[in-house]
Ligand SMILES: O=C(O)CCC(=O)C(=O)O
Ligand SMILES: [Fe+2]
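In full-length UniProt numbering, the protein residues as written are 1 to 611.
Structural data, given as structure tokens:
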């Protein structure tokens with residue numbers, strides 16, 4: 001009988017855990033990683049069963065990034081016969097996905113027993129064993145502190161620690177067992193075995209090859225450190241201790257709670273108002289609630305750099321004048337590679353369409369809050385919705401901005417768009433699509449490709465509108481309208497009113513994107529940086545908060561189509577013997593999963609995809 005053991009790579013138990021500044025998880029970069037201690041116990045048990053003649057081959061499996069191979073080497077050095085690595089790349093894998101992968105591997109390997117640690121010390125989920133048993137419809141013995149196999153009757157007797165003592169159960173094989181601390185004392189790998197393990201082959205498969213789609217079934221809203229404990233006091237005598245217990249200890253200490261109030265509760269309470277920051281501004285608040293206060297490092301000081309000007313490119317005549325076109329292509333090439341952002345004038349979209357969109361957006365955002373509340377939602381599948389900070393529960397600090405969004409997907413029902421702005425949004429969507437196609441032609445030529453190249457790979461399909469509303473802010477120096485970010489798109493087209501506040505990062509400085517009447521701002525997104533092999537830059541930008549307002553802007557993100565297994569990577573035609581690809585090929589799904597796992601204000605995610 002084969003025994004399969006799941007081993008997880010986690011931060012070593014001796015490392016002092018640090019929470020990432022953006023609160024999206026714990027730091028794992030440059031930190032010692034090891035096999036989860038409960039998985040070591042699981043592996044030890046399988047090895048003992050084999051050594052006792054109760055089991056045959058022991059197969060260690062691990063699901064995760066490339067570095068899991070190290071954990072599997074340790075498993076081989078401890079004595080596992082074989083190892084299988086399910087390489088999930090950089091996509092985070094949650095317990096249900098691991099359970100599905102293990103189920104698929106069980107169908108391939110057909111073990112009689114699957115042993116796992118009861119939980120991993122990183123997320124303490126304690127779910128995978130139970131889920132995989134459920135998916136396989138196998139018996140399960142969790143929290144095992146003793147396991148005895150009976151080959152004759154094909155059963156396992158498992159003692160498990162429960163609150164009231166020890167429970168003994170009998171499981172029909174095949175079964176799943178999860179291990180508790182007292183089951184055994186895992187062995188150390190000896191040096192000769194470590195050397196031998198180096199030459200053993202680790203079989204590698206991908207979740208896709210096992211027909212498992214990795215889905216984020218749960219969302220981590222926030223990871224925070226436990227409140228700091230106050231320093232203790234050393235007493236010099238029993239009398240002093242009694243004195244302190246009498247006079248100081250009974251008084252509950254609320255000061256710590258006041259200094260570090262429960263941010264999550266405040267976020268939930270604010271979100272439940274469903275009236276966004278406009279609701280706060282209308283209520284006349286004069287102090288910024290602390291959920292909006294940003295760390296001084298993210299705030300705009302020193303002042304932005306004056307003197308540098310974001311390129312403004314004139315498209316007049318580009319459709320029928322070859323010389324004008326060459327000039328514009330050159331300007332677009334320069335601007336896309338040095339700035340990643342530029343403004344277009346004489347772009348052909350009628351001014352009344354842009355003006356209509358702005359007015360429609362204003363009408364929506366200025367509707368009574370009870371009316372808007374009906375559309376307030378964080379449901380990713382909802383095409384039309386209104387929300388304050390899509391990343392409210394992910395980011396370190398909230399932004400002073402509300403957004404009405406519309407996904408122009410095939411499932412969009414125009415009737416779902418509020419009637420105060422329906423016609424305007426539909427017309428704006430259509431014109432922006434036409435403009436995007438023209439810009440893609442110019443960008444294709446700027447890359448030395450045929451004009452239709454970018455359109456032919458579906459980049460203009462799939463667009464998504466965010467109509468932002470930035471109300472007047474009582475303490476603009478403490479917050480931001482939009483935190484720094486790079487756009488999760490191929491291309492973003494944006495219109496803004498005359499108030500200003502958008503800034504772009506250029507050569508290490510924040511530079512104002514000064515509003516130009518009637519212009520459309522073009523912003524290269526992360527995905528275009530990937531497929532142009534870094535020739536075009538996805539640039540960081542942000543929006544300042546302002547005591548004046550409201551400021552309105554409408555962004556249209558061109559995000560491609562996620563259906564099918566279309567892989568986007570550096571365009572082959574721009575690579576050569578001397579120009580190697582800088583990024584690997586990715587599924588859009590993968591990109592958006594990584595993007596969605598972080599809030600605005602964090603570093604660019606492109607490093608996930610570099611070669
Ligand atoms: O409001 C703006 O000007 C910019 C908004 C933005 O960067 C975005 O929606 O991605
Ligand atoms: Fe943006």
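C-beta: ideal position from N, C-alpha, C; glycine also.
Coil, strand or helix - residue 595 by DSSP: helix
With a threshold of 8 Å, are at least 3 pairs of Cβ atoms found where one atom belongs to the segment 563-575 and the other to the segment 524-535? yes
Judging by CA-CA distance, which residue of 99, 317 and 61 is the nearest neighbour of residue 614? Not covered by the structure: residue 614. The range shown for the chain is 1 to 611.
Beta-carbon spacing of residue 468, residue 401 below 7 Å: yes
Close beta carbons around residue 313, own chain, < 8 Å, minus the five adjacent residues each side: 328, 331, 332, 335, 342, 343, 344 and 345
According to DSSP, is residue 428 part of a helix, a strand, or is it coil? Helix.
Compare the C-alpha of residue 419 against each of 456, 372 and 451 and name the closest. Ranking 456, 372 and 451 by Cα distance to residue 419 puts 372 first.
Which residue or residues does DSSP assign as beta-bridge partners of residue 558? 463 and 491
Return the CA-CA distance between residue 379 and residue 35, expressed in angstroms with no decimal places. 37 Å
Between residue 442 and residue 451, what straight-line distance do the alpha-carbon atoms span, to the nearest angstrom? Distance from the CA of residue 442 to the CA of residue 451, rounded to the nearest whole angstrom, comes to 7 Å.
Given a cut-off of 7 Å on the beta-carbon distance, is the pair residue 496 and residue 553 in contact? yes
Neighbourhood of residue 500 by C-beta distance below 7 Å, restricted to the same chain and skipping five residues each side: Cβ within range, chain order: 512, 514 and 515.
Could you tell me whether the segment 265-275 touches the segment 459-468, using the rule of 3 or more Cβ pairs below 8 Å? no
In terms of alpha-carbon separation, which member of 325, 417 and 21 lies closest to residue 360? 417
Whose beta carbon lies closer than 7 Å to any heavy atom of ligand 2, going through the chain in order? 482, 485, 487, 492, 523, 541 and 555
Between residue 168 and residue 159, is the Cβ-Cβ spacing less than 7 Å? Against a cut-off of 7 Å, the Cβ pair of residue 159 and residue 168 comes out as a contact.
Would you report the Cα separation of residue 494 and residue 524, rounded to the nearest angstrom? 11 Å
So the beta strand (DSSP E) residue 14 belongs to, where does it begin and stop? Premise fails: residue 14 is in no beta strand (DSSP E) and is neither H nor E.
Own chain residues within Cβ distance below 7 Å of residue 218, not counting five before or after: 94
How about residue 180 and residue 10: are their beta carbons less than 7 Å apart? no
For a test of your reading of the model: does the CB of residue 498 fall under 6 Å from any non-hydrogen atom of ligand 1? Yes or no. no
Complete alpha helix (DSSP H) runs within the segment 507-560 (minimum length 4 residues, chain order): 526-531
By Cβ distance below 6 Å, which residues in the same chain neighbour residue 97 in space, the five residues on each side in sequence not counted? 214
Say the cut is 6 Å; is the CB of residue 468 nearer than that to a heavy atom of ligand 1? yes
Give the secondary structure of residue 143 by DSSP, where H, G and I count as helix, E and B as strand, and everything else as coil. strand
With a threshold of 8 Å, are at least 3 pairs of Cβ atoms found where one atom belongs to the segment 69-79 and the other to the segment 145-152? no
How far does the alpha helix (DSSP H) with residue 406 in it reach, from first residue to last? Careful: residue 406 lies outside any alpha helix (DSSP H), inside the beta strand (DSSP E) at 402-407.
Could you check if residue 538 belongs to the surroundings of ligand 1, using beta carbon to heavy atom distance under 6 Å? Outside the cutoff, so no.
So does residue 489 have its beta carbon nearer than 6 Å to some heavy atom of ligand 1? Outside the cutoff, so no.
Going by Cα to Cα distance, which pick from 57, 51, 68 and 395 is closest to residue 291? 395
Enclosing beta strand (DSSP E) for residue 1 [first to last residue]: Counting along the chain, residue 1 falls outside any beta strand (DSSP E), and DSSP gives it neither H nor E.
Using a threshold of 7 Å, state whether the C-beta atoms of residue 44 and residue 184 are closer than that. yes
Put residue 250 into one of helix, strand or coil per three-state DSSP. Reliability of the predicted coordinates at residue 250 is poor, the pLDDT of 43 falling under 50, and no value is obtained from them.
Quick one: give me the first and last residue of the alpha helix (DSSP H) that residue 39 is part of. 37-51
Beta-carbon proximity of residue 223 to residue 25, cut-off 7 Å: yes
Comparing alpha-carbon positions, which option in 520, 87, 108 and 382 lies nearest residue 202? 87
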